[in-house]
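Numbering-wise (the numbering used here), the sequence shown opens with residue 5 and increments by one. All C-beta atoms in this analysis are idealised placements derived from N, C-alpha and C, irrespective of residue type, glycine included. What you are looking at is a predicted structure, and each value in this text was computed from that prediction instead of being measured. To start, the structure itself, in structure tokens.
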Amino acid sequence: MWMGREKGMSSPRKLYEMIRRLGYPEEIAKAFGEIPREEFIEVESKDAYSDSALLSYKGENFYSTSSQPSLMAEFMRDVGLRKGMKVLEIGGGTGYNAAVMSKVVGEEGLIVSIEYEEKLCSLAKENLRKLSIENVLFVVGDGYYGYADLAPYDVIFATVGVDEIPKYWIDQLSDGGKIIAPMNLKSISYYQPAILFKKNGDFLAGIYKSATNFIKASGMLGNLNERLLKSFQTCEYYLKKISMLSISMPVLEVLTASVGKIGTEYFFVDEDCSAVHRNGEWLMCKECLRLKRAVKSLEKENFPDLISSKFAFNSKRTDFWVERIF
Ligand code: SAH
5 MWMGREKGMS SPRKLYEMIR RLGYPEEIAK AFGEIPREEF IEVESKDAYS
55 DSALLSYKGE NFYSTSSQPS LMAEFMRDVG LRKGMKVLEI GGGTGYNAAV
105 MSKVVGEEGL IVSIEYEEKL CSLAKENLRK LSIENVLFVV GDGYYGYADL
155 APYDVIFATV GVDEIPKYWI DQLSDGGKII APMNLKSISY YQPAILFKKN
205 GDFLAGIYKS ATNFIKASGM LGNLNERLLK SFQTCEYYLK KISMLSISMP
255 VLEVLTASVG KIGTEYFFVD EDCSAVHRNG EWLMCKECLR LKRAVKSLEK
305 ENFPDLISSK FAFNSKRTDF WVERIF
């Protein structure tokens, strides 16, 4: 393993200071200061303590990256990570972020981390063992299904771009629990909006946090696009038709981010737009109404498969609405 030529000059302390300087909570900064990131980078790297995403492993048909530390700190702050919490991480990689989070939740907390690639999972386990970290459980699997055995979780923390928030996650999240997830958009491939969801009684509310760039998920978590390709083609056509530029980011979020089902009511909120699903109907305000009007004004002859002009978001995924319409 590469042991870091610049040891001494460059150390976890550098990340501690940087995260602190950026104003993140002390316990988060401290956790970064306690984990030697270089131990998790399985390829040659110049500076493991720079604030950048780094390639951590290169396999034949897959690779993994260690996410940008300041972005991880932002996610940790946004979900309110603290002592004693039980966290489900999706996309464990070689284990770096799980190790950092394990320090924040402390011995009374637990991190369950799911990694799709077996090789990475065993590397991660080895890395954690070497550092005597015992409050992280690494499992191989498709994060789509979560990990029911240890549910409920206070936090679900995705470090991989996902196509949807699966029902399993919502079921495995405690009331008041939070999910942070970079969401793969259908129409934009170069970044993923990170959406913070909060489960609150019968509602799941989402708020757009930042533009991010993660590896796109494999398995069920990442192939929804293919499963929905047909309806998405229609969606793309539709988006072009009403002019992409006229649709603001929040509306795109509503179109593409998933909204989880809890009971019979669904809720999506962000800074400029909100939508509530009640009695089989979405009630929208601001930007959504603009979109609704645009949909109504579409000419029917352009859409031979149009069976109903009723505008409705689907209960589970907002971007299913195309299927509802056509
Ligand atoms: N948290 C990691 C970052 C890993 S990058 C770290 O700190 O190093 C994203 C990881 O998600 C990759 O290792 C990739 O193999 C994994 N991944 C991709 N699809 C997945 C899926 N469906 N379920 C679980 N993990 C997945």
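Going by DSSP in three states, residue i sits in which element: helix, strand or coil?
i    : result
G180 : strand
S15  : coil
P73  : helix
L58  : strand
K50  : coil
F36  : helix
F44  : helix
Y20  : helix
N227 : coil
N204 : strand
Y148 : helix
S222 : coil
S136 : coil
L154 : helix
F330 : Low confidence applies here, because F330 scores a pLDDT of 23, under 50, leaving its location unreliable; read the following figure in that light. Coil.
E130 : helix
Y100 : helix
K171 : helix
L26  : coil
R81  : helix
E112 : coil
For residue i, which beta-bridge partners are listed by DSSP?
i    : result
S117 : E93, F142
T334 : With the chain running from 5 to 330 in the structure shown, residue 334 is simply not present.
V166 : M187
V159 : V91, K182
Y67  : K62
What's the C-alpha gap between residue i and residue j?
i    : j    : result
W173 : L154 : 12 Å
I23  : S49  : 21 Å
M224 : D146 : 7 Å
L19  : T216 : 20 Å
S15  : D51  : 9 Å
I219 : N188 : 10 Å
E122 : V144 : 6 Å
D82  : A162 : 13 Å
N131 : E43  : 7 Å
E64  : G96  : 18 Å
L331 : F36  : In this structure the chain extends from 5 to 330, so residue 331 is not present and cannot be described.
L58  : L26  : 20 Å
F201 : I45  : 30 Å
Y53  : E21  : 11 Å
K87  : E31  : 9 Å
Y157 : V104 : 18 Å
Y148 : P29  : 30 Å
P73  : S56  : 7 Å
D175 : A102 : 22 Å
D276 : I184 : Only weak support exists for where D276 lies, its pLDDT of 39 falling under 50; the coordinates are left without a value.
G180 : G84  : 11 Å
R41  : K171 : 33 Å
Q196 : P186 : 5 Å
Can you have a look at residue i and say buried or exposed, based on whether 16 or more other CB atoms are within 10 angstroms of its CB?
i    : result
F66  : exposed
R17  : exposed
K62  : exposed
S60  : buried
N204 : exposed
R133 : exposed
E138 : exposed
E93  : buried
V140 : buried
E78  : buried
E168 : buried
S136 : exposed
G165 : buried
V47  : exposed
G226 : buried
A152 : exposed
Residue i and residue j look like a contact to me (Cβ under 8 Å); what is the Cβ gap, rounded to whole Å?
i    : j    : result
I160 : K107 : Their Cβ separation, rounded to whole angstroms, is 19 Å, which puts I160 and K107 out of contact at 8 Å.
G113 : K129 : Going by Cβ atoms, the distance from G113 to K129 rounds to 19 Å, so no, they are not a contact pair.
S109 : I115 : Here the sequence assigns Val to residue 109, which means Ser is not the residue at that position. That pair is a contact at about 7 Å.
T98  : L127 : 5 Å
A198 : K213 : 5 Å
L124 : S70  : Not really, about 11 Å apart at Cβ, beyond 8 Å.
S222 : Y120 : 5 Å
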